[in-house]
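**Student:** If you're matching them up, the sequences are chains L and R in order.
FYI, in the working numbering the residues of the first sequence are 1 to 178.
FYI, in the working numbering the residues of the second sequence are 179 to 337.
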Amino acid sequence: MSATPSHAPDALDRRIIAATQEGLPLVPRPYAVIAERVGTSESEVMARIRALLDTGGIRRLGAVPQHYALGMRFNAMTVWDVPDERVDDLGPAVGALEAVSHCYTRPRHPPEWSYNLFAMVHGRDQDTVEARIGEVAATLGGAVRASAVLYSRRLLKKTGLRLPAGDDEFPHPESERE
Amino acid sequence: MSTVPSTAHSDGLDATDRRIINGLQGGFPVCERPYAKAAADLGLTEDELLERLQQLVAAGYLSRFAPLFDVERLGGAVMLAAMAVPPQRLETVIAQVNAHPEVAHNYERDHGFNLWFVISVLDAERIEAVAAAIEAETGLTVYRMPKEREFYLRLRVEA
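1. Between R322 (chain R) and M257 (chain R), how many whole angstroms is the CB-CB distance? I'm expecting something under 8 angstroms.
2. Between the stretch 240-258 of chain R and the stretch 271-280 of chain R, are three or more C-beta pairs nearer than 8 angstroms?
3. Rounded to a whole number of angstroms, what is the C-alpha to C-alpha distance between R37 (chain L) and V149 (chain L)?
4. Applying the 10 Å Cβ sphere with the 16-neighbour rule, what's the burial state of Q266 (chain R)?
5. On the criterion of 16 or more Cβ atoms from any shown chain inside 10 Å, does V64 (chain L) qualify as buried, or is it exposed?
6. Between V249 (chain R) and the rest of its own chain, which residues show a CB-CB distance below 6 angstroms, the 5 nearest in sequence each way excluded?
7. Please list the partners that E85 (chain L) has in chain R, where partner means a Cβ-to-Cβ separation under 9 angstroms.
8. Just to confirm, are G204 (chain R) and G62 (chain L) a CB contact at a threshold of 8 angstroms?
9. Using a Cβ cut-off of 8 angstroms, which residues of the stretch 25-55 of chain L contact any Cβ in chain R, in chain order?
10. Between the stretch 102-114 of chain L and chain R, which residues of the former have CB atoms less than 9 angstroms from a CB of the latter, in chain order?
11. If you pair each beta-carbon of the stretch 310-324 of chain R with each one of the stretch 104-116 of chain L, do three or more pairs fall below 8 angstroms?
12. Under 7 angstroms, CB to CB, which of the residues in the stretch 130-154 of chain L have a partner in chain R?
13. Please check if any C-beta of chain R sits within less than 8 angstroms of the C-beta of T20 (chain L).
14. If you drop the 5 nearest sequence neighbours on each side, which residues of the same chain put their C-beta closer than 6 angstroms to that of E326 (chain R)?
15. Using 8 angstroms as the limit for Cβ to Cβ distance, is L12 (chain L) near chain R?
16. Pull up the distance between the alpha-carbon of A138 (chain L) and that of R145 (chain L), whole angstroms please.
17. For G123 (chain L), report the span of its alpha helix (DSSP H) as first-last.
18. Is L231 (chain R) near M261 (chain R), with beta carbons less than 8 angstroms apart?
19. When burial is assigned at 16 or more other CB atoms within 10 Å of the CB, is C103 (chain L) buried or exposed?
20. By Cβ distance, which residues of its chain are closer than 7 angstroms to D301 (chain R), with the 5 residues on each side in sequence left out?
21. Using 10 angstroms around the beta-carbon of A165 (chain L), count the other beta-carbons present and answer buried if the total reaches 16, otherwise exposed.
22. What's the call for D101 (chain L), buried or exposed, on a 16-neighbour Cβ count within 10 Å?
23. Tell me the residue span of the beta strand (DSSP E) that contains V256 (chain R).
24. Measuring straight from C-alpha to C-alpha, what distance separates E313 (chain R) and E328 (chain R)?
25. Just by C-beta distance, which residues in the stretch 240-260 of chain R are closer than 9 angstroms to chain L?
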């Protein structure tokens, strides 16, 4: 399904992930608070977090912005039906556009869903987003058999990684915020 | 790296808030007093930074102050999924979908396929169980949209 895991988390890592996934404690010694929650020492928590940073299990540590609240309200999922044999040349071209933050191929679900190329376009207002969608269309040119633009109407949920609920091995993180 | 627009917006953020949001998206220290260290780099005191962060999270400018995990690197998996929900059932189905802790993001979108969410799990084989559970609860198809190929990936918020 994806990249080979370079750091399979053990039970303590999982407890640390569960205890931090909704937020680091906003207190002077956050790692000591986590250590208390998961039943280990502050230095062990710091060592585990450093190891997760080193191996990429934690991509970064810090403020996770809420783009909606920060003015990036318009996000458009643009979807395109292009011939599979063109994906090799069109995918990188679309992915390289300044206007596009993510570009993927995904399976079609005919007859309801015929689109195989997804490009995410963001912007502060609709005009900006529409101009950027135009760039994607121009890049794909005549290869497009059908397309659609799915604007976000509402953000209904946004959390980070969540460990399954009801897993008694893990202390339950703080309640949901959204 | 994301940059909060510095131009005036009705977003209620002052210059210090912007400095915190833009400066602290990564690289938070791993040491005994990390907020004190990060605050010093930003020209703030530990108390000031903690208070600002509490406010930014409470007001929703930050979804959280936390590690950003790479689920796939951790041996887990993420999958995009879509549903075509009859409009009169939408709120009920949203609640059913969101009730699953494995559902990380969920958007209503402007299309017949009107619900788009990401299932994120540490144990890759659970993806299918979550999708199947949602189908059983709602009686609706969950269209699996796993990424097959990825072309470039970056997070950009205009400066």
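Every residue gets a Cβ at the ideal spot worked out from N, C-alpha and C, and that includes glycine.
**Tutor:** Reading it off the structure:
1. Working through the second sequence from its first residue, we reach residue 322 (chain R) at position 144. Working through the second sequence from its first residue, we reach residue 257 (chain R) at position 79. That pair is a contact at about 6 angstroms.
2. When Cβ pairs closer than 8 angstroms are counted between the two stretches, the stretch 240-258 of chain R is seen not to touch the stretch 271-280 of chain R, the count staying below three.
3. One-based indexing of the first sequence puts residue 37 (chain L) at position 37. One-based indexing of the first sequence puts residue 149 (chain L) at position 149. C-alpha of R37 (chain L) to C-alpha of V149 (chain L): approximately 45 angstroms in a straight line.
4. Taking the first residue of the second sequence as position 1, residue 266 (chain R) is located at position 88. Around the beta carbon of Q266 (chain R), fewer than 16 other beta carbons sit within 10 angstroms, so the residue counts as exposed.
5. Taking the first sequence and counting its residues from 1, one reaches residue 64 (chain L) at position 64. That one is buried.
6. The residue you call residue 249 (chain R) lines up with position 71 of the second sequence. If we look at V249 (chain R) and ignore the five residues flanking it on each side, its Cβ neighbours are V256 and S298.
7. As a working note, residue 85 (chain L) is residue 85 in the first sequence. In chain R, no part has a C-beta under 9 angstroms from the C-beta of E85 (chain L); the shortest such distance is about 13 angstroms.
8. The residue labelled residue 204 (chain R) in the question sits at position 26 within the second sequence. The residue labelled residue 62 (chain L) in the question sits at position 62 within the first sequence. A contact, by the Cβ cut-off of 8 angstroms.
9. Answer set for the stretch 25-55 of chain L: L26, V27, P28, R29, P30, Y31, A32, E42, M46, I49, R50, L52, L53 and T55.
10. Correct list: H102, C103, Y104, T105, R106, P107, H109, E112 and W113.
11. Contact between the stretch 310-324 of chain R and the stretch 104-116 of chain L is present, because at least three Cβ pairs lie under 8 angstroms.
12. Answer in chain order: A148, L150, Y151, S152, R153 and R154.
13. As a working mapping, residue 20 (chain L) is identified with position 20 in the first sequence. Yes, because at least one Cβ of chain R sits closer than 8 angstroms to the Cβ of T20 (chain L).
14. Within the second sequence, numbered from 1, the residue matching residue 326 (chain R) stands at position 148. None.
15. Here residue 12 (chain L) refers to the residue found at position 12 when the first sequence is read from its first residue. Using beta-carbon distances, L12 (chain L) does not count as an interface residue toward chain R, since no partner is under 8 angstroms.
16. The count along the first sequence starts at 1 and reaches residue 138 (chain L) at position 138. The count along the first sequence starts at 1 and reaches residue 145 (chain L) at position 145. A138 (chain L) and R145 (chain L): Cα-Cα distance of roughly 13 angstroms.
17. Your numbering for residue 123 (chain L) matches position 123 in the first sequence. No alpha helix (DSSP H) contains G123 (chain L), which is instead part of the beta strand (DSSP E) from L117 to G123.
18. Along the second sequence, read from residue 1 onward, the residue named residue 231 (chain R) stands at position 53. Along the second sequence, read from residue 1 onward, the residue named residue 261 (chain R) stands at position 83. No, these two residues do not count as a Cβ contact at 8 angstroms.
19. Taking the first sequence and counting its residues from 1, one reaches residue 103 (chain L) at position 103. Burial is judged here by how many other beta carbons sit within 10 angstroms of a residue's own beta carbon; C103 (chain L) has at least 16 and is buried.
20. Taking the first residue of the second sequence as position 1, residue 301 (chain R) is located at position 123. These residues qualify, in order along the chain: G254.
21. Walking along the first sequence from the start, residue 165 (chain L) turns up at place 165. Its pLDDT being 34, under 50, A165 (chain L) is placed unreliably in this model, and the coordinates cannot settle the point.
22. Taking the first sequence and counting its residues from 1, one reaches residue 101 (chain L) at position 101. Sequence inspection shows Ser at residue 101 (chain L); the Asp mentioned does not correspond to that position. Buried: at least 16 other Cβ atoms inside 10 Å.
23. Taking the second sequence and counting its residues from 1, the one referred to as residue 256 (chain R) is at position 78. Start and end: A255 to M261.
24. Counting from 1 along the second sequence, the entry for residue 313 (chain R) is found at position 135. Counting from 1 along the second sequence, the entry for residue 328 (chain R) is found at position 150. One C-alpha to the other measures close to 27 angstroms.
25. Residues of the stretch 240-260 of chain R whose Cβ lies closer than 9 angstroms to any Cβ of chain L, in chain order: L240, S241, R242, F243, A244, P245, L246, F247, D248, V249, E250, R251, L252, G253, G254, A255, V256, M257, L258 and A260.
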